[in-house]
Amino acid sequence: MKIPFLILVFILGSTPAISAQNQVEKNIEMYTATWDNIINKRQIDQINNQNFDENVVMLTSPENIVGIADFKAYYQNFLTGFSDITFDIIDVFGQGNKIVKHWRFNGKHTGDFFGIPPTGNLVDVEGVTLVKMKNGRIAQEQDFMDNMAFMQQLGLVSDPGNMEVIANLYKSFQAGDIPGVLQRMDPDIVWNEAEGNKYAAGNPYIGPDAVLNGVFARIGAEHEYFKLEDVQLHEMHNNQVLATLRYDGKWKDGEKYNVQAAHLWTLNNGKITGFQQYVDTKTIAETNTKK
């Protein structure tokens, strides 16, 4: 049987395109499987010359990472630094020898990560990787992600919104809006009064209700007035904010006092997770005739 000329031309002309598409699909299958093994299954030895070109390059600043040994050493930091890892490829597509990968990385920072001691912080970041393949192996990668968000989640760079959270908390307190203060607290907040303060007997107060009943309600019941003065906020690393201020108060069963104080606040994702008070407890105790 003779094949019509036009059909023959179509078949022969389509063969290279079909072959190229098959190679793209093979590259994607190999690439996704390799990174699943490396990250999720923690098989760092999958970074080898079977899966990666011997001169594989990671484009990064300030200096590129070149070669299988350095590539492997780089990613070992993620496996050493994080536990409970999940690495999901949200989307992936390719054309020719190029692949684009949209990914998401979750983990808990429980080990040394590029020299950074473990913080116990959870990270959840997304990014995109541009990939070049060569002869069915990974030859080049370049990652794009929000490094600032990553550093904030690790606690190396504080969330710029922390200062606003604490500033608004003090505004609520000064206005007598205690519900407004409590709503800024994490459900598991750990609150500690200064050692020597009469309210420190309940340390640590866990949760907003404990803070309300063990500290705020008692301050209100035992004082004629209690005000905060000269509040100044200082941004710290590791998602902490330091407040320096003065307490101006008068006991119902005692005298007036005006003392220096400092509050160290710890935050996570816009919520206050920790509080530590520092204050002149001697003066406060001496002015309270009902101990």
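Going by the UniProt record's numbering, the sequence shown opens with residue 1, and the numbers climb by one from there. Note that beta-carbon positions come from the ideal geometry of N, C-alpha and C, so glycine has one too.
Beta carbon of residue i nearer than 9 angstroms to that of residue j
i: residue 330; j: Phe82; result: Nothing about residue 330 can be reported from this structure: the residues present for the chain run from 1 to 291 only.
i: Thr34; j: Gln46; result: yes
i: Ile206; j: Val190; result: yes
i: Lys101; j: Val131; result: yes
i: Val125; j: Tyr31; result: no
i: Asp53; j: Arg184; result: no
i: Thr119; j: Gly161; result: no
i: Met236; j: Ser158; result: yes
i: Phe105; j: Thr80; result: no
i: Phe71; j: Gly107; result: no
i: Leu212; j: Ile166; result: no
i: Asn238; j: Arg246; result: no
i: Asn192; j: Gln276; result: yes
i: residue 348; j: Gly94; result: This structure cannot speak to residue 348, because the chain is shown only from 1 to 291.
Where the beta strand (DSSP E) containing residue i begins and where it ends
i: residue 313; result: What the structure shows of the chain is the stretch from 1 to 291, and residue 313 is not part of that stretch, so it cannot be assessed.
i: residue 349; result: Since the first and last residues shown for the chain are 1 and 291, residue 349 lies out of range.
i: Glu141; result: Arg137 to Met145
i: Thr129; result: Leu122 to Lys134
Residue closest to residue i, alpha-carbon to alpha-carbon, out of the options
i: Ile272; options: Asp230, Asp70, Ala194 and Pro208; result: Pro208
i: Ile219; options: Lys252, Ile65, Glu286 and Tyr75; result: Lys252
i: Asn51; options: Ile39, Lys41 and Ile68; result: Ile68
i: Glu229; options: Glu235, Met236, Leu156 and Thr244; result: Thr244
i: Glu222; options: Met236, His237 and Lys250; result: Lys250
i: Glu29; options: Ile99, Tyr74, Phe71 and Gln43; result: Ile99
i: Gly127; options: Phe173, Phe71, Phe150 and Gln95; result: Phe150
i: Leu242; options: Glu255, Asp248 and Leu264; result: Leu264
i: Arg42; options: Asn48, Gln76 and Val259; result: Gln76
i: Phe226; options: Pro187, Ala262 and Phe173; result: Phe173
i: Asn203; options: Gly274, Trp103 and Lys256; result: Gly274
i: Ala73; options: Asn48, Gly96, Pro117 and Asp248; result: Asn48
i: Gln152; options: Ala20, Asn269, Glu224 and Asn288; result: Asn269
i: Lys256; options: Glu286, Met148 and Val66; result: Glu286
i: Asn97; options: Met133, Glu25, Thr283 and Gln260; result: Met133
i: Phe87; options: Asn37, Ala262 and Asn121; result: Asn37
i: Asp188; options: Ile178, Asp177, Ala210 and Tyr170; result: Ala210
i: Glu224; options: Val231, Gly254 and Trp103; result: Gly254
i: Gly176; options: Met148, Phe144, Met145 and Ala217; result: Ala217
i: Phe144; options: Asn64, Thr289, Asn288 and Trp103; result: Trp103
i: Asn135; options: Ala261, Asn147, Ile44 and Ala20; result: Ala20
Run of the alpha helix (DSSP H) containing residue i, from where it starts to where it stops
i: Asp88; result: Looking at the DSSP string, Asp88 is not in any alpha helix (DSSP H); the run it does join, the beta strand (DSSP E), is Phe82 to Gln95.
i: Asn40; result: Neither: Asn40 is in no alpha helix (DSSP H) and is coded neither H nor E.
i: Thr289; result: Neither: Thr289 is in no alpha helix (DSSP H) and is coded neither H nor E.
Whole-angstrom C-beta distance between residue j and residue i, which should lie under 8 angstroms
i: Val123; j: Asn197; result: With 8 angstroms as the limit, Val123 and Asn197 do not qualify as a contact, their Cβ atoms being about 36 angstroms apart.
i: Ala201; j: Ala194; result: Contact doesn't hold; Cβ gap of about 12 angstroms is too wide.
i: Gln240; j: Thr281; result: Gln240 to Thr281, Cβ: 22 angstroms. No contact.
i: Thr129; j: Gln142; result: 7 angstroms
i: Ile89; j: Ile39; result: Contact flag wrong, Cβ pair sits at about 10 angstroms.
i: Val215; j: Tyr170; result: Incorrect: roughly 15 angstroms between the Cβ atoms, too far for contact.
Closer than 8 angstroms: residue i CB and nearest the ligand GDP heavy atom
i: Val211; result: In terms of ligand content, the structure shown is empty, and the ligand GDP therefore cannot be addressed.
TODO: Return the chain-ordered ranges of every beta strand (DSSP E) run that is complete within the UniProt domain "SnoaL-like" (168-273) and spans a minimum of 3 residues.
DONE: 185-192, 223-235, 240-251 and 256-268
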